[in-house]
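Visitor: Chains as they are written, first to last, in the working numbering: chain A, 1 to 351; chain B, 352 to 702; chain C, 703 to 1053.
The structure that follows is given in the form of structure tokens.
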């Protein structure tokens, strides 16, 4: 694809832009400013990296209108370089093309399972009894889909994904390797000093357009359902407790852990390693900073941070106060000396 | 099962109770107050949810004696609704029934392995040399049981569980998908500026009645053993370091990480994401709040919390003091003004 | 091996030592002071455990020159008991011997894949198209190696490891069970209120002599590469974000999470559960204490700790100040009383 073609394509997709430089450059790949070589296109979105524009070997770069362009560098100027880059990557690289297995005869598929059209099921897959799977589903080797699971259309399960019995998955879901859906949560009653297991009679429901990274785990509910709603995205090693609901389009960064019976709203973002205690609510549009400990409910539209998490601006003030404690201590010491001196003088006057 | 039957059953199991309402209700399932529909039984244990009694569509609810019952709702009143619910779920839903594979011919079982009666071993399982397995063991697809592993009776390994060489598992153990037992821990010596691997010559021992969630990892010991004692329960993504011992009936919530050579006592509870440093001791009956950082030993019968973890009541006080720092700072400023005024007055008097 | 032989061997490997006791003791195994039985050798490295020398049933112990030796105990005295122990374990136990499969006919190997000499590839392994694998590689059951992956010599993949398409692995790498390399990171653009997936067009590169524990996850890069450099060692459940680089010989303890586009230097150590935010740098020779929250860059040769992480000595001071807050508050109250008294006296004097 030539740079001019990319510019035209981006414009047609709503990324108004201005090409400056050589429209005939042939683009072979998109790459970072550091790693790009001749023939590749890069981008500058985070101003922190602007010095790299000078050193990059990229043949072209997508930039903001107000970026300063080194002479000789071809650029596409637009208002949203990261969005335009996304479009460029889709055009130049496209999405991953899966191996095409049809239905491999070395997959074990129970005779009572029903599988939709255009199945792409690898060797070493196991599909158990009464499973219902939609059309255009890709299942990589080592996946296990347990009894009574229902899966929609256009779903991709990467290697070694496990879907426990009775789980329900919607359409256009992607689960990366090692992710487990619907295993038993930590449900026990103490009886005579021993832990008695509570059968986990509920299930897990994953709605449309959800993607999860590697080695995540979503508990089934004890009763009712654990629910990950439409369009939510998880990174790796995220854990969701039994009976919890994660609202639409929420984004959970790696190693987030949410305990059981939590109600997470829509469009919530949690940074890496955030932990959320059980039986609380997180409102819509809440953003929680990385590694925060959320021990109580958070109202909608809040930025929260800290250990424990409070409003971010308050937490930052609190941090400053803590850092100033040595100064405060010195100040108090000085005041005590002043008081002692006053006392002494007063005693002298009184005599 | 009719409501009257359930009431009688519960009483026979030690849950004294009083049925109020229609004894003839036919129960089809247990469910949450939110999700229950007609024909289902629910429960109220956490008073936080008491308003849901009015709205629930459940046909019957297990409640405390002193709960206020909306008119028309059938209830079973008892002193321990959660315990009674557990019993009800066991009666109505029962425990999971595994697929029955016998010994699938597509499982790879080394000729030197010994497997007890009533085996239930799926396709795509791999059992290596000199493994000894007891009776009534269920092994789901994708599990690998390495050389010289010993496993007792009534054990269930869900899909893609891996048991490394020389590990020993007792009876009635359940390991959920993706959990790994006995892999090498982080054991290296620095020699000439490089990390030299120390062969991990010990093993991992999991005692009776242990259950672990998905994607956990229990290191083998460098020497001797890593040990998870009778009746302990782990949630998902729990990590246990080499040479550590977790005492009887301890409960570790998701993403807990315990470093190596730690001695954890009996009946210990750790909340989600708790981290414990190496070479320390946690006494019996210790409870550690979620996301605490445990950097030193904790005495028996302690509630601990915080970063780093200290006695919970002290940590809560400390938190209050930190939150009051802005107030304290204002107070100090006001005191300084008072002192300055005193100084001024004193100076006037002295003249 | 006799104790005298071990002493001689250790000396030949640079561990000067002095045998005191019975040189004819026949050593069958190395073990901990607690678990050792007759015929076994143990070690004392951490002075915390010195009292165990009296109680151990080990036949011989590797100790420091200045340790006090109970009468009747045979010992090897040297300056580095832990290093000498490592050598002793290697001599007595050796490294794990893998099952020998050759190339199992039940492995699925694409006809376009190229595999080096002396392959050891188990049943239920899947090697996809255009994969290139070097010599002396062991691949346990349940591993999936995706399209276009390149793997060097002397690599070991334990059961259920997954290597995504286009990943590159060097020589002498060991990946423990459930570890995933090269899955898609959390890459989305918000378009019209929905998350639009950015194809992750980069790859993951793992250099020579890297070892990772169980259930780790290393994202592929969006563009360019995610890189784990020569000689780095990870424990279990470590997560590396897209585009991040981990420098040579770095050691990451269990559950460390590093976000995307982070530049980690050489010889860095991170304690368990450390979290590192995206787009920052960690200098060479940095040590970060367990469970620290790293929200900004850290200079080379620093010890850092805390929430958020700062220089360890400063964090420890800060902690002391926080713990002394109740005392400080009392002091301020007392000062206020003194001031009030001064005021009163002054008023009396003025009248």
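Beta carbons: idealized from backbone N, C-alpha and C, even for Gly.
Given a cut-off of 8 Å, decide if residue 924(C) and residue 887(C) are closer than it, judged by their beta-carbon atoms.
Guide: In this structure, residue 924(C) lies closer than 8 Å to residue 887(C) by Cβ.
Visitor: Give the DSSP-derived three-state secondary structure of residue 1032(C) in the structure shown.
Guide: Here residue 1032(C) sits in helix by DSSP.
Visitor: Among the residues of its own chain, which have a CB less than 6 Å from the CB of residue 596(B), if the five just before and after it don't count?
Guide: Taken in chain order, the residues that qualify are 578, 614.
Visitor: How long is the line joining the alpha carbons of residue 352(A) and residue 138(A), rounded to whole angstroms?
Guide: Past the edges of chain A, shown from 1 to 351, lies residue 352(A), and the structure says nothing about it.
Visitor: Would you verify that the beta carbon of residue 908(C) is, or is not, closer than 8 Å to some beta carbon of chain A?
Guide: So, not an interface residue.
Visitor: Can you tell me where the alpha helix (DSSP H) with residue 321(A) in it begins and where it stops?
Guide: Its alpha helix (DSSP H) spans residues 312–323.
Visitor: Which residues in chain C have a C-beta closer than 8 Å to the C-beta of residue 550(B)? List them in chain order.
Guide: Chain C residues near residue 550(B): 791, 792, 795, 796, 797, 798.
Visitor: Let me check understanding here. Comparing Cα to Cα, which of 270(A), 105(A), 275(A), 346(A) lies closest to residue 284(A)?
Guide: Ranking the options by Cα distance to residue 284(A), first place goes to 270(A).
Visitor: Would residue 378(B) count as contacting chain A if we go by Cβ distances under 8 Å?
Guide: No, residue 378(B) lies away from the interface with chain A (no Cβ there is under 8 Å from its Cβ).
Visitor: Would you call the CB atoms of residue 113(A) and residue 131(A) closer than 8 Å?
Guide: In this structure, residue 131(A) lies closer than 8 Å to residue 113(A) by Cβ.
Visitor: Using the beta-carbon of each residue, which ones in chain B are nearer than 9 Å to residue 737(C)?
Guide: 553, 572, 574, 575, 576, listed in chain order.
Visitor: Taking only beta carbons into account, state which residues of the stretch 265–283 of chain A come closer than 9 Å to chain C, listed in chain order.
Guide: The stretch 265–283 of chain A vs chain C, Cβ under 9 Å: 267, 271, 272, 273.
Visitor: For chain A, find out if any of its Cβ atoms is closer than 8 Å to the Cβ of residue 776(C); answer yes or no.
Guide: Chain A contact via Cβ: absent.
Visitor: Check each candidate in 801(C), 777(C), 764(C) and name the one with the smallest Cα separation from residue 788(C).
Guide: Ranking 801(C), 777(C), 764(C) by Cα distance to residue 788(C) puts 764(C) first.
Visitor: So which of 842(C), 864(C), 872(C), 1021(C) has the shortest CA-CA distance to residue 855(C)?
Guide: Nearest of 842(C), 864(C), 872(C), 1021(C) to residue 855(C), Cα basis: 872(C).
Visitor: So residue 498(B) packs on residue 554(B), CB below 8 Å; how close in whole Å?
Guide: That belief does not hold up - the Cβ atoms of residue 498(B) and residue 554(B) are roughly 11 Å apart, past 8 Å.
Visitor: By DSSP, does residue 82(A) sit in helix, in strand, or in coil?
Guide: In the structure shown, residue 82(A) sits in a helix (DSSP, three-state: H, G or I).
Visitor: Is the CB of residue 614(B) under 8 Å away from at least one CB in chain C?
Guide: No, residue 614(B) lies away from the interface with chain C (no Cβ there is under 8 Å from its Cβ).
Visitor: So for residue 1052(C), helix, strand or coil by DSSP?
Guide: The answer is helix: DSSP assigns residue 1052(C) an H, G or I state.
Visitor: From what residue to what residue does the beta strand (DSSP E) around residue 60(A) run?
Guide: Per DSSP, residue 60(A) belongs to the beta strand (DSSP E) from 60–64.
Visitor: Under the rule that 16 or more other beta-carbon atoms within 10 Å means buried, what is residue 219(A), buried or exposed?
Guide: Residue 219(A) should be labelled buried.
Visitor: Could you give the distance in angstroms between the alpha-carbon of residue 241(A) and the alpha-carbon of residue 566(B)?
Guide: Cα-Cα distance, rounded: 14 Å.
Visitor: With distances taken Cα to Cα, identify the nearest neighbour of residue 80(A) among 210(A), 70(A), 44(A).
Guide: Of 210(A), 70(A), 44(A), the residue nearest in Cα terms is 44(A).
Visitor: In terms of alpha-carbon separation, which member of 99(A), 49(A), 211(A) lies closest to residue 179(A)?
Guide: The shortest Cα separation from residue 179(A) among 99(A), 49(A), 211(A) belongs to 211(A).
Visitor: Is residue 459(B) helix, strand or coil by DSSP?
Guide: Residue state, collapsed to three classes: strand.
Visitor: With 8 Å as the C-beta to C-beta threshold (strictly closer), list the residues of the stretch 230–253 of chain A near chain B in chain order.
Guide: Going along the stretch 230–253 of chain A in chain order, one finds 237, 239, 241, 243 with a Cβ nearer than 8 Å to chain B.
Visitor: Three-state secondary structure (DSSP) at residue 303(A)?
Guide: DSSP places residue 303(A) in strand when its eight states are reduced to three.
Visitor: Give me the residue from 1001(C), 877(C), 799(C), 774(C) with the minimum Cα distance to residue 983(C).
Guide: Cα-wise, what sits closest to residue 983(C) is 1001(C).
Visitor: Going by C-alpha to C-alpha distance, which of 1020(C), 1005(C), 1021(C), 733(C) sits closest to residue 1014(C)?
Guide: The shortest Cα separation from residue 1014(C) among 1020(C), 1005(C), 1021(C), 733(C) belongs to 1005(C).
Visitor: What span of residues does the alpha helix (DSSP H) with residue 54(A) cover, start to end?
Guide: 52–55 is the span of the alpha helix (DSSP H), which, as asked, contains residue 54(A).
Visitor: For residue 707(C), count neighbouring C-beta atoms within 10 Å of its own C-beta (all shown protein chains included) and say buried if the count is 16 or more, exposed if not.
Guide: With fewer than 16 Cβ atoms within 10 Å of its Cβ, residue 707(C) is classed as exposed.
Visitor: Tell me the rounded alpha-carbon separation between residue 404(B) and residue 415(B).
Guide: If you take the alpha carbons of residue 404(B) and residue 415(B), they lie about 12 Å apart.
Visitor: So, is residue 826(C) buried or exposed, given that buried needs 16 or more other C-beta atoms within 10 angstroms?
Guide: Answer is buried; the Cβ neighbour count reaches 16.
Visitor: Against chain C, does residue 529(B) count as a neighbour if the rule is that its beta carbon must be under 8 Å from one of theirs?
Guide: Taking Cβ atoms only, chain C reaches closer than 8 Å to residue 529(B), which makes this a yes.
Visitor: Taking the alpha-carbon positions, what's the residue 417(B) to residue 196(A) distance?
Guide: Taking the straight line from one Cα to the other gives about 26 Å.
Visitor: Taking residue 69(A) and residue 20(A) to be in contact with their CB atoms under 8 Å, please state how far apart those CB atoms are, rounded to whole angstroms.
Guide: Between residue 20(A) and residue 69(A) the Cβ distance is about 7 Å, and since that is below 8 Å, they are a contact.
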